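For the sequence shown, my numbering assigns the number 12 to the initial residue and increments by one for each residue that follows. Heads up, the beta-carbon is just placed ideally off N, CA and C, and yes, glycines get one too. None of these values were measured; they are calculated from a predicted model. Since the structure comes first, as structure tokens, the remarks are kept for the end.
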Amino acid sequence: MAPSIEKYRQITRNIGVLCDYTNVGVITTPQGLYLMDPGGTVDTGKEIIDALSKLFPGKEVEGIFLTHAHTDHTGGIPPILETFSSTVYAGKTTACFLEVPQAIGYIYSGSKPGKEMGAKEFVMDDSVKTDIILADGQEIDLGSAIVKTIDLPGHCPGMTGFIVEDKDEGKKSFFLGDAFFGMKMLSKIWIPFILSPKEFRKSIEKIERTASDFYVPAHGEISTMETAGCVAEHNIMITYELEDLILKLIEKGNMGNDGLVEAIANYAGMKMKSVNYFLILCTVKSYLSSLEEDGKIENYMENNRLIWRLKK
């Protein structure tokens, strides 16, 4: 899959989306184009440039807004910055990860990443400098549209959403990054990467309270005001499903981290590759931390293995 003109969807007069594995938001202004999350790889970035040149001949990319620093949202930036003098907008935490992209691999692996988690699909080779650091609630007037920053933590530290109001139509589009997943994505990947299930649920609730005409997840289909509530509830439900599964597995027999990952993957009918193992392990550990914080489980050492059990 690759971004192409066939996958472009205009949702308001000045706002569109290059629909792909990672949806790329496009804001058209008199001065040029502004993008949301041009991710993937360097090749993806080149494909984005090619699609934009056909859709908007003569328009340059004036700016790039980033919801977070995962490579599927940032990996296409280098060729864009080589081609255009684009301004990069991001929150403070995201800016830190962009400056030191190798840190993302350390989070996935818990140490210097090996071949799989250190690959270009997960860790960018080069750092990216953020030109404008955004704060929660900050607004940027682009002329034809106003972009408002909304903090949406949970998927990862510093996760940010952007409400873009089209000034010509008065309609709003909420670009959600990975704070909210489309239904097709959730049915395909039952265990989305989450580093804090509690914060993820709070962010979903914040999204539900925020009025918008369109809700654009980075992965999955665009929702409207009428359909977003159902999708949001499904996002919350899967976190409780995984939490409940972990508790049932521990109740059945005290387990360590690896045993839980294996049992959860088996339950989901997955045949894991090593990259799946690392990503699911990160997510499972975040749920264990949350359950421990709530006083539902505790750990102990047995034969030099860390084991989880229900707290009595």
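Excluding the five sequence neighbours on either side, which residues of its own chain have a C-beta within less than 8 Å of the C-beta of residue i, listed in chain order?
i	result
Tyr138	Residue identity check: residue 138 is Ser in the sequence provided, not Tyr. Leu109, Glu110, Val111 and Pro112.
His245	Met194 and Leu197
Ser223	Ile174, Lys183, Ser184, Phe185, Met236 and Ala239
Lys116	The residue you asked about is not Lys; residue 116 is Gly in the sequence shown. Closer than 8 Å at the Cβ level, and outside the excluded window around Gly116, lie Lys123, Pro124, Met128, Gly129, Phe133 and Val134.
Leu302	Glu254, Ile257, Leu258 and Ile308
Ile218	Leu163, Gly172, Phe185, Leu187, Ala190, Phe191, Tyr226, Ala239 and Ala243
Report buried or exposed for residue i, applying the criterion of at least 16 other Cβ atoms within 10 angstroms of its Cβ.
i	result
Leu290	buried
Ser285	exposed
Ile16	exposed
Ser122	exposed
Thr238	exposed
Ile38	buried
Leu317	exposed
Pro164	buried
Cys241	exposed
Met312	exposed
Ala114	exposed
Glu252	exposed
Ser96	exposed
Met248	exposed
Pro14	buried
Pro41	exposed
Ile275	buried
Leu44	buried
Ile143	exposed
Gly280	exposed
Glu304	exposed
Glu262	exposed
Gly264	exposed
Gly74	buried
Glu309	exposed
Glu216	exposed
Leu46	buried
Leu321	exposed
Gly56	buried
Among the residues of its own chain, which have a CB less than 7 Å from the CB of residue i, if the five just before and after it don't count?
i	result
Thr23	Asp177, Glu180, Lys182 and Ser184
Leu66	Ile16 and Tyr19
Met135	Thr82, Thr85, Gly86 and Pro112
Thr294	Ile202, Phe204 and Ile205
Gly27	Tyr19, Arg20, Gln21 and Val37
Ser120	Met128 and Phe289
Throw me the rounded Cβ distance for the residue i and residue j pair, which I believe falls under 8 Å.
i	j	result
Trp319	Met266	6 Å
Gly50	Thr85	6 Å
Leu77	Asp48	6 Å
Asn34	Pro228	7 Å
Cys167	His230	No, Cys167 and His230 are not in contact; Cβ-Cβ is about 14 Å, not under 8 Å.
Thr104	Gly169	3 Å
Tyr226	Phe191	7 Å
Thr141	Val99	5 Å
Excluding sequence positions up to five away, which residues of its chain have a Cβ less than 6 Å from the Cβ of residue i?
i	result
Cys30	Lys18 and Arg20
Val53	Pro89 and Pro90
Gly102	Leu145, Gly169 and Thr171
Leu292	Val272
Quiz item: Between the stretch 296 to 303 and the stretch 243 to 263, do three or more beta carbon pairs fall short of 8 Å?
Solution: yes
Exercise. Determine, using beta-carbon pairs with one atom in the stretch 177 to 188 and one in the stretch 203 to 213, whether at least three such pairs fall under 8 Å.
Key: no
Quiz prompt | Cβ contact check for the stretch 143 to 157 and the stretch 52 to 67: 3 or more pairs under 8 Å | solution = no
Self-check item: Unbroken stretches of the alpha helix (DSSP H), 4 residues or longer, contained in the stretch 112 to 164
Solution: 113 to 120
Exercise. Please confirm if the stretch 185 to 193 is in contact with the stretch 152 to 166, defined as three or more CB-CB distances below 8 Å between the two stretches.
Key: yes
Exercise. Could I get the ranges of all uninterrupted alpha helix (DSSP H) runs contained in the stretch 238 to 299, with 4 residues as the minimum, in chain order?
Key: 239 to 263 and 268 to 278
Quiz item: Enumerated in chain order, which unbroken segments of the alpha helix (DSSP H) with a length of 4 residues or greater are wholly contained in the stretch 90 to 115?
Solution: 103 to 110
Quiz item: What residue ranges within the stretch 166 to 231 form continuous alpha helix (DSSP H) runs of no fewer than 4 residues, ordered along the chain?
Solution: 194 to 199 and 208 to 220
Self-check item: Unbroken stretches of the beta strand (DSSP E), 3 residues or longer, contained in the stretch 17 to 89
Solution: 19 to 21, 26 to 29, 35 to 40, 43 to 47 and 72 to 76
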